[in-house]
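Under the working numbering, the letters of the sequence shown match residues 399 to 869, in that order.
C-beta atoms are modelled at their ideal positions from N, C-alpha and C, and glycine is treated no differently.
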Amino acid sequence: MSATTLFAPHALLPEGWARDVLLQWDAAGVLQQVQPGVAAPAGVAQAAGPVIPGLPNLHSHAFQRGFAGLTEQRSSPGQGGEADSFWSWRTLMYRFAGSLTPERLEAIATWLYLEMLEAGYTSVCEFHYVHHQADGQPYADDATLARCLLRAAERTGMGMTLLPVLYQSGGFGGQAPHGGQRRFLRSTDNLLRLLHTLQGELNRGLHGRGTRLGLAPHSLRAVPPDSLREAVAGLTALDPAAPIHIHIAEQTREVDDCLAWSARRPVEWLLEHAPVDRRWCLVHATHMTEAEYRAAAASGAVAGLCPSTEANLGDGLFDLPLWRDAGGAWGVGSDSHACVNAAEELMLLEYGQRLQRHERNVLASARQPGVATAMTLQAVAGGAQACARPVAGLAPGQRADWVALDPQHLALAGLPAPDMLSAHVFGSHRSSAVAEVRVGGVPRVQAGRHALHDEAARAFVQARRELLEST
399 MSATTLFAPH ALLPEGWARD VLLQWDAAGV LQQVQPGVAA PAGVAQAAGP
449 VIPGLPNLHS HAFQRGFAGL TEQRSSPGQG GEADSFWSWR TLMYRFAGSL
499 TPERLEAIAT WLYLEMLEAG YTSVCEFHYV HHQADGQPYA DDATLARCLL
549 RAAERTGMGM TLLPVLYQSG GFGGQAPHGG QRRFLRSTDN LLRLLHTLQG
599 ELNRGLHGRG TRLGLAPHSL RAVPPDSLRE AVAGLTALDP AAPIHIHIAE
649 QTREVDDCLA WSARRPVEWL LEHAPVDRRW CLVHATHMTE AEYRAAAASG
699 AVAGLCPSTE ANLGDGLFDL PLWRDAGGAW GVGSDSHACV NAAEELMLLE
749 YGQRLQRHER NVLASARQPG VATAMTLQAV AGGAQACARP VAGLAPGQRA
799 DWVALDPQHL ALAGLPAPDM LSAHVFGSHR SSAVAEVRVG GVPRVQAGRH
849 ALHDEAARAF VQARRELLES T
């Protein structure tokens with residue numbers, strides 16, 4: 399295989415910042431050499447600015463980008479009305495989900511993945527649960543909507559881990575699902591058949607290079623215990639290393655309902671009844687006891703934190719210092735896509751801990767006192783584990799996924815490289831300081847823009863307009 403090279407005067411490697419780094423990757427987009435301390439070779443391209451690893455986005459519901467900003471009004475206006483919450487937001491979400499078509503989903507996902515790339519994400523874990531037609535009947539091609547997402551990722555160049563969702567019940571104890579959930583429902587056997595179909599297509603190279611497949615039991619309230627056990631066993635038979643993601647302990651009502659059903663809290667129940675290990679990503683896991691934090695961290699599972707969505711929905715704050723002290727891995731996702739900005743998710747994560755603890759630079763470490771550097775490295779490592787793809791940073795054997803910061807951006811100009819990353823996370827005033835993004839060594843964003851930016855934006859606006867008209 400032919401190789402391509404890049405010289406970076408400053409690069410963030412897994413062990414920290416390094417100078418004069420030569421990056422070399424093969425035709426498959428895999429890094430073969432990462433060598434610091436070398437003289438700039440003649441004729442080799444030089445990075446536009448400091449190079450940092452691309453951030454994996456470990457939790458995405460792509461279709462929800464189509465109604466970001468459209469649920470920010472009280473559902474029960476006036477004094478004394480019931481407070482808005484995740485549960486009232488969910489009712490509005492069901493209305494939008496009911497109006498999706500394959501064309502609208504693909505347009506929304508294409509724009510979303512382009513936005514992610516322009517904001518510094520290079521991989522996404524797509525938690526895909528809108529499966530069927532609006533009346534709940536399967537499409538003639540049962541993989542129709544999954545393929546919309548796969549095409550969007552391939553077209554934009556976004557690295558993809560697709561997680562088809564198992565969803566069967568409307569609440570703990572196998573409660574009957576309601577009408578708003580009819581597009582989500584699959585039997586366990588049906589979902590496993592979908593996984594077999596898609597895995598066969600991946601094996602034949604029909605989707606983007608390096609695409610990975612996994613499973614997402616939606617939540618304990620939506621997947622009965624027997625179905626959870628059968629689905630995990632079926633996935634393991636297909637691919638013993640495939641990732642498993644689950645929403646868990648996001649809301650206090652969820653915890654209360656789980657206790658009423660099982661006399662166990664959600665994370666406690668899951669650890670007792672499922673083979674939770676490094677394959678698992680516990681999405682949100684916001685409401686845990688100290689014992690649950692320590693037991694879940696010891697399992698090897700990744701905590702999937704989505705700060706902007708958790709703030710938007712009023713979920714609460716994850717105790718990340720306690721999780722880290724217990725040895726837990728973590729990564730970030732943009733979930734409902736109220737915000738699509740990798741740096742801003744990190745900023746919100748740190749700020750939430752500061753507000754909770756009345757301290758600063760909470761997520762720095764003894765090894766990495768710079769909080770932006772420490773968070774980036776930890777989020778990349780945890781995100782790569784959740785993706786089950788080789789995207790763990792700038793190291794041989796990993797995908798050649800990276801971001802070059804813009805040294806001319808006003809917030810960054812004239813600063814040392816580590817401080818540029820800090821300014822990117824904490825001081826860029828919501829404007830992107832990303833100059834270039836490569837995925838598998840292929841340029842996807844140059845001078846801050848994706849080649850499909852204008853075309854994809856127009857299609858997104860049209861799809862959103864149609865959604866609003868049909869809800």
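query	result
Would you list the residues sitting across from Asn-455 in a DSSP beta bridge?	Val-522
For the ligand COA, any of its heavy atoms closer than 7 Å to the Cβ of Phe-525?	The ligand COA is not among the ligands present in this structure, which contains no ligands whatsoever.
Grab me the residues of Thr-554's own chain with a C-beta within less than 8 Å of its C-beta, minus the 5 sequence neighbours each way, in chain order.	Thr-508, Tyr-511, Leu-512, Leu-515, Arg-842, His-848, Leu-850, Ala-854
Per DSSP, what are the beta-bridge partners of Thr-403 in this structure?	Gln-422
Give the single residue among Asp-624, Ser-829, Leu-503 whose Cα lies nearest to the Cα of Ala-740.	Ser-829
Here's the rule I'm using: 16 or more other beta-carbon atoms within 10 Å means buried, otherwise exposed. How should Gln-579 be labelled?	buried
Is it buried or exposed, Phe-537, if we count other Cβ atoms within 10 angstroms and call 16 or more buried?	The amino acid occupying residue 537 in the given sequence is Tyr; Phe does not appear at that position. The residue in question, Tyr-537, is exposed, as its Cβ has fewer than 16 Cβ neighbours within 10 Å.
By the DSSP assignment, the alpha helix (DSSP H) with Gly-750 in it spans what residues?	740 to 755
Would the region 727 to 736 count as touching the region 456 to 469 if we require 3 or more Cβ pairs under 8 Å?	yes
Could you name the residues of the same chain whose beta carbon sits closer than 6 Å to that of Gly-447, not counting the 5 residues immediately before and after it, in chain order?	Ala-802, Leu-803, Asp-804, Pro-805, Ala-833
Please name the residue, chosen from His-807, Val-837, Arg-836, that lies closest to Gly-825 on a Cα-to-Cα basis.	His-807
How long is the line joining the alpha carbons of Gln-776 and Leu-410, rounded to whole angstroms?	12 Å
Have a look at Arg-662 and Gly-427 and give me their C-alpha separation to the nearest angstrom.	46 Å
Alpha carbon to alpha carbon, how far is Asn-455 from Glu-742? Give it in angstroms, no decimals.	13 Å
Could you check the C-alpha separation between Gly-780 and Thr-586 for me, to the nearest Å?	28 Å
Drop a sphere of 10 angstroms on the beta-carbon of Glu-413, count the other beta-carbons inside from all chains shown, and report buried for 16 or more, exposed for fewer.	exposed
I'd like to know whether the C-beta atoms of Gly-846 and Ala-798 end up nearer to each other than 8 Å.	no
Following the continuous alpha helix (DSSP H) through Gln-431, name the residue where it begins and the one where it ends.	Taken as a continuous stretch (DSSP letters only), Gln-431 belongs to no alpha helix (DSSP H), being part of the beta strand (DSSP E) at 429 to 433.
Please report the distance separating the alpha-carbon of His-685 from that of Thr-707.	15 Å
When the Cβ atoms of the region 714 to 725 are set against those of the region 434 to 449, are three or more pairs found closer than 8 Å?	no
State the Cα-Cα distance for the pair Thr-402 and Asp-624, rounded to the nearest angstrom.	50 Å
Tell me Pro-841's beta-bridge partners as DSSP assigns them.	Arg-836
Taking the alpha carbon of Ala-683 as the reference point, which residue from Ala-647, Gly-571, Gln-531, Leu-744 has its own alpha carbon closest?	Ala-647
What residue ranges within the region 514 to 571 form continuous alpha helix (DSSP H) runs of no fewer than 4 residues, ordered along the chain?	542 to 554
Along the alpha helix (DSSP H) that carries Cys-656, what are the first and last residues, could you check?	650 to 660
Return the Cβ separation of Glu-372 and Met-773 in integer angstroms, given the expectation that the two are a contact with Cβ distance under 8 Å.	For the chain, the structure presents residues 399 to 869; residue 372 sits outside this window and is missing.
Mind checking who His-645 pairs with in its DSSP beta bridge?	Val-681
Give a yes or no on contact between the region 487 to 500 and the region 520 to 533, applying the rule of three or more CB pairs nearer than 8 Å.	yes
Could you give the DSSP three-state label for Val-769: helix, strand or coil?	helix
How long is the line joining the alpha carbons of Thr-559 and Pro-788, rounded to whole angstroms?	11 Å
Which class does His-576 belong to by DSSP, given the choice of helix, strand or coil?	coil
Within 10 Å of its beta-carbon, does Val-859 have 16 or more other beta-carbons around it, so buried, or fewer, so exposed?	exposed
List the DSSP bridge partners of Trp-728.	Ala-701
Touching or not, the region 563 to 570 and the region 617 to 631, by the rule of three or more beta carbon pairs under 8 Å?	yes
Compute the Euclidean distance between the alpha carbons of Gly-469 and Trp-423, then round it to the nearest angstrom.	Before going further, note that residue 469 is Thr rather than Gly in the sequence given. Taking the straight line joining both Cα atoms gives about 44 Å.
Once you ignore the five residues that flank His-605 on each side, which residues in its own chain have a CB closer than 7 Å to its CB?	Leu-548, Glu-552, Glu-599
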